[in-house]
Amino acid sequence: MAKLKYQRPKGTYDILPEDQPYWELIRRHLREIASFYGFERIDTPIIEQTKLFTRTVGESTDIVQKEMFSFKTKGGASLTLRPEGTAPMGRAFIENGMKSWPKPIKLYYIGPFFRHEKPQRNRNRQFYQAGLEVLGSDAPIIDALIIHVTFLILQKIGLEDIGFQINSIGCKDCRPDYNQLLSEYIEVQSKKITPDTKKKAKKNPLRLFDSKQPKDRRVAEKAPQIVDEICSDCKEKLKSVLEYVGHLEIPYQLNPFLVRGLDYYTRTVFEITPSKDQGYDPKNSLGGGGRYDNLVADLGGKNTPAGGVALGLDRIIEEMKEAEVKLPSKEKPKVFLVHLGDLGRKKAFELVEVLRKANIPYEDALGKTSLKAQTKAADKKKIRLRLVLAQKEALEDKVILRDAKKGTQDIIPIKKAPQEIKKKLEAD
Ligand code: HAM
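In this note's numbering, the protein residues as written are 17 to 444.
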């Protein structure tokens, strides 16, 4: 095919009507389950100051180093298309005075995010996330609540087999000691590590665990494990989170190598795998989250422990398709509207309003004018009841109700159309 003159940007896609039922199902269950558990919707801008992400997501991360869509405004400000939703949550918390709101604050969002990644299966440059965030509590039950609500939403949209990988990466008191230990290990292993990872690990040694390079992975597998080194408070909290999750019968595995690729995390971190029995492969992750207890304070706000999750909806929809999730069927039109002549077409608006108020779905072939063409369209759609608005009947505010199967027809007042249609449908 010849190259089109106008194409969508690389890594973006159109969501066509045939796929909308998947999105609608997700939106519905997110809204229903999240709000039942007391989460309220928040929408933050698609653009934020670049420094919001460099400060929180972190200079050593792939996102900040190479994936942000950043640009300068005419006034010289540096803005970025949001690559994720948690840093904006911290900013919004401070900017909207949420420190005085009753705690914990539970928020949810859904929308597009942007990362300049190499487009491949399920990795897009404009992708979609649904997120849950809880601010203002460091209780392990909050971590469990986030995991539980995520689990319920995924179950409800038909992903029955998912599992969680969970770890703790310590707090600001114990992490520095572990970082020191890990940096020493990296130093000793330095020859066996790729230059890119070595560079990132200088800024944050935990980045060793994000690398997908087999060479780095071999080194990472033998590294000191963070769960062994965290302080007793962090250990207690992890134990407590795992107890709740076990009690809720949510399938999980403790994964000592999971650190998550964003710098703001503290303590509990987790990722969602498409199958509970499958090993962990970051490429297949359906979502991830964890605690970010220092993020609000790092942005200059009051010390506010928090945690959350983001679901990667592009991938989730692929999973739903693979799992052949049953979608709610659209209500079929009960009646076909045939309009003849100018007055018939004008009256059609009135008649459609009568049907809409009575909740009777209809179909028509607007633009086609002859009786023959419209009848053919109705036959093709297999709709046997037809409302025919012809000039003579339209003048008297009436319409012909025809049953194409039985070959009968009645002339009825427009206002009475819903009752008459219902009578015919019930008589079946
Ligand atoms: P994340 O792990 O960077 O976390 O992203 C969460 C999910 O978004 C991933 O597991 C993946 O499914 C999806 N995702 C990420 N990048 C892409 C992409 N380029 N194309 C398609 N899907 C993608 C966060 O974003 C954190 N803000 C999560 C969080 C919320 N932590 C605490 N609260």
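Backbone N, C-alpha and C define an ideal beta-carbon position, used for all residues, glycine too. Model, not experiment: these values are computed from the prediction.
Residues of its chain near residue i, where Cβ-Cβ distance is below 7 Å and the 5 sequence neighbours each way are ignored
i: His164; result: Leu264, Ile266
i: Ser206; result: Lys214
i: Gln407; result: Leu356, Gly357, Leu359, Gly360
i: Asp154; result: Asp309, Pro321
i: Glu75; result: Lys219
i: Asp159; result: Val257, Thr284, Arg307, Gly323
i: Tyr260; result: Pro156, Ile157, Ala160
Among the options, the one whose alpha carbon lies nearest that of residue i
i: Ile157; options: Val73, Glu237, Ser256, Pro192; result: Ser256
i: Asp78; options: Asp314, Gly54, Lys134, Leu123; result: Lys134
i: Pro429; options: Leu311, Phe180, Lys414; result: Lys414
i: Asp249; options: Ala217, Asp395, Gly186; result: Gly186
i: Lys396; options: Pro377, Pro349, Glu409; result: Pro349
i: Tyr281; options: Val261, Gly92, Leu311; result: Leu311
i: Leu95; options: Thr102, Phe87, Gly101; result: Phe87
i: Thr72; options: Ala313, Glu176, Lys19, Lys299; result: Ala313
i: Glu200; options: Leu224, Ala108, Glu379; result: Leu224
i: Phe55; options: Ser184, Lys228, Pro118; result: Pro118
i: Leu278; options: Ser227, Ala239, Lys346; result: Ser227
i: Lys422; options: Ala410, Lys431, Lys432, Ile399; result: Ile399
i: Tyr29; options: Gln142, Ser184, Lys188, Ala364; result: Gln142
i: Thr89; options: Thr66, Glu409, Tyr296; result: Thr66
i: Ser345; options: Glu40, Tyr22, Glu442; result: Glu40
i: Ile169; options: Leu371, Ala50, Lys26; result: Ala50
i: Leu198; options: Ala239, Asp177, Asn183, Glu369; result: Ala239
i: Glu64; options: Tyr378, Thr102, Leu387; result: Thr102
i: Pro128; options: Gly27, Tyr22, Pro192, Ser184; result: Gly27
i: Lys362; options: Thr385, Tyr194, Ile376; result: Thr385
i: Glu335; options: Leu371, Arg43, Asp297, Asn138; result: Asn138
i: Met114; options: Gly152, Ile427, Glu252; result: Gly152
i: Lys373; options: Leu387, Lys388, Gln435, Gly317; result: Gln435
Supposed contact pair residue j and residue i - C-beta distance, whole angstroms, cut 8 Å
i: Phe446; j: His132; result: There is no way to answer for residue 446, as the model of the chain reaches only from 17 to 444.
i: Leu329; j: Gln145; result: 6 Å
i: Ile110; j: Leu315; result: 6 Å
i: Ile62; j: Arg107; result: At roughly 14 Å, the Cβ-Cβ gap does not stay under 8 Å, so Ile62 and Arg107 are not in contact.
i: Pro104; j: Thr166; result: That pair is no contact at about 20 Å.
i: Leu175; j: Ala339; result: 6 Å
i: Tyr194; j: Ile242; result: 5 Å
i: Pro272; j: Asn183; result: 6 Å
i: Ile42; j: Ile173; result: 6 Å
Close beta carbons around residue i, own chain, < 8 Å, minus the five adjacent residues each side
i: Ile162; result: Leu148, Val150, Gly305, Gly323, Gly324, Val325
i: Asp35; result: Ile333
i: Lys440; result: Leu401, Leu417, Asp419
i: Ser301; result: Glu287, Ile288, Thr289, Gly328, Arg331
i: Cys247; result: Gly186, Cys187, Asp189, Cys190
i: Leu367; result: Leu353, Leu403, Leu405, Val415, Ile430, Ala433
i: Phe46; result: The question names Phe, yet the displayed sequence has Leu at residue 46. Only Tyr124, Ile126, Ala146, Ile169 meet the Cβ criterion.
i: Lys337; result: Tyr38
Environment of residue i [buried if 16+ CB atoms lie within 10 Å]
i: Ile31; result: exposed
i: Asp444; result: exposed
i: Phe401; result: It should be noted that the sequence gives Leu, not Phe, for residue 401. Per the 10 Å Cβ criterion, buried.
i: Tyr125; result: buried
i: Phe52; result: exposed
i: Gln181; result: buried
i: Ala18; result: exposed
i: Gly116; result: Sequence check: residue 116 is Ser here, not Gly. By the 10 Å Cβ count, Ser116 comes out exposed.
i: Gly262; result: exposed
i: Phe365; result: exposed
i: Ala410; result: buried
i: Arg276; result: buried
i: Lys82; result: exposed
i: Asn112; result: exposed
i: Leu447; result: Given that the chain is displayed from residue 17 to residue 444, the structure contains no residue 447 and the question cannot be resolved.
i: Glu100; result: buried
i: Tyr22; result: exposed
i: Val80; result: buried
i: Leu254; result: buried
i: Ile202; result: buried
i: Met351; result: Note that residue 351 corresponds to Val in the displayed sequence, not to Met. By the 10 Å Cβ count, Val351 comes out buried.
Same chain, Cβ closer than 6 Å to residue i, neighbours up to 5 away in sequence not counted
i: Gly179; result: Pro267, Thr289, Lys292
i: Val354; result: Gln390, Arg402, Val404
i: Asp380; result: Leu353
i: Lys342; result: none
i: Gln425; result: Ile416, Arg418
i: Asn319; result: Ala313
i: Ile209; result: Asp232, Val235
i: Ala393; result: Ala381
i: Gln229; result: Thr210
* Which residue spans inside the stretch 239-327 form an unbroken beta strand (DSSP E) run of at least 3? -> 268-270, 282-289, 303-307
* To do: With a floor of 4 residues, list each alpha helix (DSSP H) that falls wholly inside the stretch 103-149, ordered by position along the chain.
  => none
* alpha helix (DSSP H) segments (min. 4 residues) lying fully within the stretch 166-252 -> 191-204, 211-219, 230-237, 242-245
* Scan the stretch 346-397 and note each continuous beta strand (DSSP E) run of 3 residues or more that stays entirely inside, going in chain order. => 351-355, 378-380
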